[in-house]
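As structure tokens, this is what we get:
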């Protein structure tokens with residue numbers, strides 16, 4: 042009897058293994074992009090447990106008007122740049138916090154040069170449908186060998202120093218125009234710049250507070266998902282970002298306005314315009330070693346230009362305009378969302394076609 046015990050134990054073990062093999066192991070069933078463990082039960086979209094998150098449906102947009110190339114040259118300007126002097130970790134000129142002019146293509150504290158933030162030239166062309174603004178940069182980001190910054194255009198239609206529109210890009214970029222790489226912001230309450238339009242003040246302005254175009258959020262003017270585009274381009278032998286936007290924004294076809302461009306190593310925050318109203322000199326730091334607040338601190342990695350006119354001759358004292366001898370003076374004017382100089386009076390068609398989203402998509 043003792044001799045047969047091992048044999049009996051062997052038989053029992055084999056039977057237990059056979060029973061175990063008859064039950065299939067749990068499998069992973071994939072529905073969409075979510076993996077779900079189950080007990081040999083096929084999970085269908087209708088039977089997915091409520092705890093499993095559902096993915097949002099992508100917004101399908103069929104673009105009709107796609108920009109190509111500007112056929113008419115309108116204006117070209119040059120900005121201060123630091124390609125020959127960046128090793129000194131300072132700028133010679135062009136950085137004036139009080140005037141909202143920034144020449145800061147360096148990192149904070151360490152003052153590492155950012156060639157893909159340093160603006161060289163900016164130009165505007167047009168065709169029958171679009172304006173095209175090209176911003177050339179001194180070079181590519183050394184690590185990625187690409188343009189990694191955020192680039193923008195400010196539009197000031199009545200040349201009073203209060204920009205009404207900001208177009209701002211976001212990476213990555215490719216050589217084809219892409220409507221997903223740009224957003225458009227509006228200053229609907231017309232308080233840009235506060236009471237002292239082109240100098241710092243403590244007015245609580247909220248900048249470009251309203252999103253009127255951002256396909257990632259499903260926001261665009263009624264009937265036009267083709268309002269703005271961006272692409273990687275070149276300007277001579279320099280890399281560039283090109284931003285295209287529809288001309289219909291300018292009511293009645295009156296193509297007169299002032300415009301400037303901006304670049305940043307971080308995504309542009311529309312609520313921080315104008316920057317000199319949101320940073321003290323001590324907080325911002327300085328890019329010139331002669332300034333006691335040197336080096337750069339909270340306001341670093343940014344470059345912008347003076348305002349250039351299109352369609353009219355400047356007098357020379359336009360707030361934030363390019364330098365004219367004996368020109369710009371300090372401008373004071375209380376903000377008002379009403380009246381002929383308000384944003385929606387100047388861009389009535391654009392306001393009309395975005396009024397349903399102006400509250401829902403305010404910048405927070």
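Residue numbers (this note's numbering): 42 to 405.
Cβ coordinates follow ideal geometry from the N, Cα and C atoms, glycine included.
Item: Cβ-based burial, residue 364 [other Cβ within 10 Å; buried from 16]; Value: exposed
Item: 8 Å Cβ cutoff met for residue 285 and residue 108; Value: yes
Item: Inter-stretch contact (C-beta, 8 Å, three-pair minimum) for the stretch 295 to 312 and the stretch 124 to 142; Value: no
Item: Through-space distance from residue 210 to residue 248, alpha-carbon basis; Value: 17 Å
Item: For residue 176, the residue or residues it bridges with in DSSP; Value: 163 and 282
Item: Boundaries (first-last residue) of the beta strand (DSSP E) holding residue 106; Value: Counting along the chain, residue 106 falls outside any beta strand (DSSP E), and DSSP gives it neither H nor E.
Item: Residue closest to residue 197, alpha-carbon to alpha-carbon, out of 252, 287 and 349; Value: 349
Item: Whole-angstrom distance between residue 347 and residue 359, CA atom to CA atom; Value: 10 Å
Item: Under the three-state DSSP convention, the category residue 316 falls into; Value: helix
Item: Simplified DSSP state of residue 133, which is helix, strand or coil; Value: coil
Item: For residue 115, three-class secondary structure by DSSP; Value: strand
Item: Which of helix, strand or coil DSSP assigns to residue 390; Value: helix
Item: The stretch 218 to 236 in contact with the stretch 378 to 392 per 3-pair CB rule at 8 Å; Value: yes
Item: Candidates 191, 172, 170 and 251: closest to residue 178 by CA position; Value: 191
Item: Residue from 199, 203, 274 and 320 with nearest C-alpha to residue 338; Value: 320
Item: 8 Å Cβ cutoff met for residue 295 and residue 170; Value: no
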